[in-house]
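Trainee: In full-length UniProt numbering, the protein residues as written are 1 to 412.
1. On a Cα-Cα basis, can you pick out the residue from 92, 139, 130 and 256 that is closest to residue 115?
2. Could you give the distance in angstroms between the alpha-carbon of residue 48 and the alpha-carbon of residue 195?
3. Please list the terminal residues of the continuous beta strand (DSSP E) segment that includes residue 110.
4. Just the C-alpha distance for residue 121 and residue 220, rounded to the nearest angstrom, thanks.
5. Starting from the Cα of residue 97, find the closest Cα among 89, 107 and 88 and give me that residue.
6. Return the CA-CA distance between residue 179 and residue 333, expressed in angstroms with no decimal places.
7. Can you give the Cα-Cα distance for residue 63 and residue 186, rounded to whole angstroms?
8. Identify, in the order they occur along the chain, each residue of the same chain with its Cβ nearer than 8 Å to the Cβ of residue 417, setting aside the five sequence neighbours on each side.
9. Going by the beta-carbon positions, is the gap between residue 142 and residue 109 smaller than 8 Å?
10. Within 10 angstroms of its Cβ, does residue 257 collect 16 or more other Cβ (buried), or is it exposed?
11. Could you name the residues of the same chain whose beta carbon sits closer than 6 Å to that of residue 51, not counting the 5 residues immediately before and after it, in chain order?
12. When you compare the region 302-310 with the region 267-275, are there three or more beta-carbon pairs, one atom per stretch, that lie closer than 8 Å?
13. At which residue ranges does the region 302-364 contain complete beta strand (DSSP E) runs of 3 or more residues, listed in the order of the chain?
14. Does DSSP put residue 210 in a helix, in a strand, or in coil?
15. Go ahead and label residue 290 buried or exposed: buried means 16 or more other beta carbons lie within 10 angstroms of its beta carbon, across all protein chains shown.
16. Between residue 330 and residue 8, how many whole angstroms is the CB-CB distance? I'm expecting something under 8 Å.
17. In terms of residue numbering, what span does the alpha helix (DSSP H) encompassing residue 96 cover?
18. Name the two residues that bound the continuous beta strand (DSSP E) containing residue 264.
19. Is residue 93 helix, strand or coil when you go by DSSP?
20. Could you pull out every residue in the same chain whose Cβ sits closer than 8 Å to the Cβ of residue 144, ignoring the five residues on either side in sequence?
21. Between which residues of its own chain and residue 137 is the CB-CB distance below 6 Å, once the five residues before and five after are set aside?
22. Can you tell which of 202, 280 and 166 has its C-alpha closest to the C-alpha of residue 356?
23. Tell me which residues share the same chain as residue 14 and place their Cβ nearer than 6 Å to its Cβ, disregarding the 5 neighbours each side in the sequence.
24. For residue 67, report the span of its beta strand (DSSP E) as first-last.
25. Should the region 191-208 be called in touch with the region 40-47, which here means at least 3 C-beta pairs below 8 Å?
26. I'd like to confirm the pairing. Which residues does DSSP put opposite residue 77 in its beta bridges?
27. Do residue 263 and residue 317 have their C-beta atoms within less than 8 Å of each other?
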């Protein structure tokens with residue numbers, strides 16, 4: 001079979017890897033390079049993701065894929081510490097003792113929050129799809145914990161849509177991050193960054209005879225009289241789309257439910273010193289042009305890079321405000337006491353559709369893997385509900401690949 005895969009992110013490359021073993025595969029990627037949100041920039045002698053990433057110990061399918069690609073030896077399991085910035089101070093929130101000392105929550109708040117964290121993995125998250133995160137938290141942890149702790153996080157993550165976000169997303173978010181030891185979450189990272197995974201997938205696809213076409217977007221889809229599809233005028237036996245549903249529809253593909261997306265703007269920078277007290281992930285409670293500061297080298301060893309690497313994470317709807325990068329950097333310098341000459345380099349990466357917004361009723365918007373003869377897999381697929389992850393993207397790729405191969409076997 002001749003197969004076209006639209007999109008060269010993790011889902012597209014994973015599907016191409018599985019299918020190119022036995023079939024002719026073309027990957028069409030609109031950007032100049034593959035990787036999507038997992039793409040990286042080359043600095044010095046290594047790669048740094050444009051958006052921060054890590055994996056979890058429970059990511060069985062992702063870890064199995066990396067093992068197939070001989071990357072298991074490059075995985076380091078590291079501790080990810082957390083903190084909360086409020087009123088000019090970072091409060092560490094990694095150990096039980098640090099949480100007990102946190103002054104902005106009452107003892108009752110902390111007890112309820114602790115119970116929620118312990119129980120999160122036992123909830124059937126999908127059954128809370130029609131309940132807002134606002135209502136769930138206030139019912140579970142109380143109004144004060146909601147206003148003091150959760151509301152600022154939801155505001156910085158989802159902006160004006162925060163009141164529409166479902167409890168299913170929040171429960172899943174808490175559950176997936178509950179693999180914690182005394183020093184924080186147990187998280188995985190590749191020695192040379194996740195560019196290693198993208199490169200290994202690309203090399204394997206080409207070795208199998210597949211083709212990766214960068215800088216070539218899918219511009220038009222046309223269904224033939226025989227029920228198959230043409231992409232950019234070329235006929236294919238199978239088409240897999242990994243782009244968001246609204247784009248697929250606009251190209252001439254099947255009409256799919258509209259999923260709300262939001263954009264992300266992430267500033268990466270190299271600093272001459274650590275400004276986060278050794279903490280990996282610092283959420284910002286106060287109003288700021290970013291919602292979190294991620295100290296990458298407080299997670300991955302500083303020695304790998306020779307400088308302190310930090311990400312400023314922000315989200316937006318529709319369009320990015322003009323001057324956003326400068327506004328983020330200026331605020332960061334003032335808020336964390338950083339002088340400009342301590343910033344060795346910086347750049348901002350943006351994506352207008354970095355991820356779905358998991359609103360109430362989101363589950364009803366999820367498309368099946370096959371619609372009108374086109375296979376669909378990506379961030380919008382069921383394995384990425386109610387929270388997206390690299391694991392979910394790999395599982396979605398496996399699902400469509402297995403479906404295609406199974407149907408071919410049935411025909412034979």
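In this text, a Cβ means the ideal position worked out from N, Cα and C, and glycines have one as well.
As the structure is a prediction and not an experimental result, all values here were calculated from the model.
Mentor: So, from the listed chains and residues:
1. To locate residue 115, count along the chain shown from 1; it is residue 115. Closest option to residue 115, Cα to Cα, is 139.
2. In the chain shown, counting from the first residue as 1, residue 48 sits at position 48. In the chain shown, counting from the first residue as 1, residue 195 sits at position 195. Rounded to the nearest angstrom, the two C-alpha atoms are 8 Å apart.
3. Locating residue 110 in the chain shown gives position 110, where the first residue counts as 1. Segment 107-119 is the alpha helix (DSSP H) holding residue 110; no beta strand (DSSP E) there.
4. Residue 121 sits at position 121 when you count from the first residue of the chain shown. Residue 220 sits at position 220 when you count from the first residue of the chain shown. C-alpha separation (whole angstroms): 43 Å.
5. For the purposes of this step, residue 97 is identified with residue 97 of the chain shown, where counting begins at 1. Nearest of 89, 107 and 88 to residue 97, Cα basis: 107.
6. Mapped onto the chain shown, residue 179 falls at position 179. Mapped onto the chain shown, residue 333 falls at position 333. So the alpha carbons of these two residues sit roughly 33 Å apart.
7. As a position in the chain shown, residue 63 is number 63, starting the count at 1. As a position in the chain shown, residue 186 is number 186, starting the count at 1. So the two alpha carbons sit approximately 14 Å from each other.
8. The displayed coordinates of the chain run from 1 to 412. Any statement about residue 417 would go beyond what the structure contains.
9. Against the chain shown, residue 142 aligns to sequence position 142. Against the chain shown, residue 109 aligns to sequence position 109. Cβ atoms of residue 142 and residue 109: closer than 8 Å.
10. The residue you call residue 257 lines up with position 257 of the chain shown. Looking at its Cβ environment, which holds fewer than 16 other Cβ atoms inside 10 Å, residue 257 is exposed.
11. Here residue 51 corresponds to residue number 51 of the chain shown, with the count starting at 1. Result list for residue 51: 37 and 266, in chain order.
12. yes
13. 308-316 and 343-356
14. Translated into positions along the chain shown, residue 210 becomes position 210. Coil.
15. For the purposes of this step, residue 290 is taken as the residue at position 290 of the chain shown. Buried, because 16 or more other Cβ atoms sit within 10 Å of the Cβ of residue 290.
16. For the purposes of this step, residue 330 is identified with residue 330 of the chain shown, where counting begins at 1. For the purposes of this step, residue 8 is identified with residue 8 of the chain shown, where counting begins at 1. Rounded, the Cβ-Cβ distance is 35 Å, inconsistent with contact.
17. Mapped onto the chain shown, residue 96 falls at position 96. Its alpha helix (DSSP H) spans residues 96-101.
18. Position 264 of the chain shown holds residue 264. Per DSSP, residue 264 belongs to the beta strand (DSSP E) from 261-271.
19. What you label residue 93 is simply residue 93 of the chain shown in a count that begins at 1. If DSSP states are grouped into helix, strand and coil, residue 93 belongs with coil.
20. Locating residue 144 in the chain shown gives position 144, counting from the first residue. Counting only Cβ-Cβ distances below 8 Å, and skipping sequence neighbours, we find 105, 106 and 109.
21. Counting from 1 along the chain shown, the entry for residue 137 is found at position 137. Closer than 6 Å at the Cβ level, and outside the excluded window around residue 137, lie 146 and 150.
22. Position 356 of the chain shown, counted from the start, is the residue given in the question as residue 356. Minimum Cα distance to residue 356 is reached at 166.
23. For the purposes of this step, residue 14 is taken as residue 14 along the chain shown, with counting starting at 1. Excluding residues within five positions, the ones whose Cβ falls inside 6 Å are 394 and 397.
24. On the chain shown, residue 67 is found 67 positions in, with the first residue counted as 1. That residue, residue 67, is in no beta strand (DSSP E); its alpha helix (DSSP H) goes 60-68.
25. yes
26. As a first step, residue 77 must be located in the chain shown, where it is residue number 77. For residue 77, which the question treats as bridged, DSSP gives the partners 188.
27. As a first step, residue 263 must be located in the chain shown, where it is residue number 263. As a first step, residue 317 must be located in the chain shown, where it is residue number 317. Against a cut-off of 8 Å, the Cβ pair of residue 317 and residue 263 comes out as a contact.
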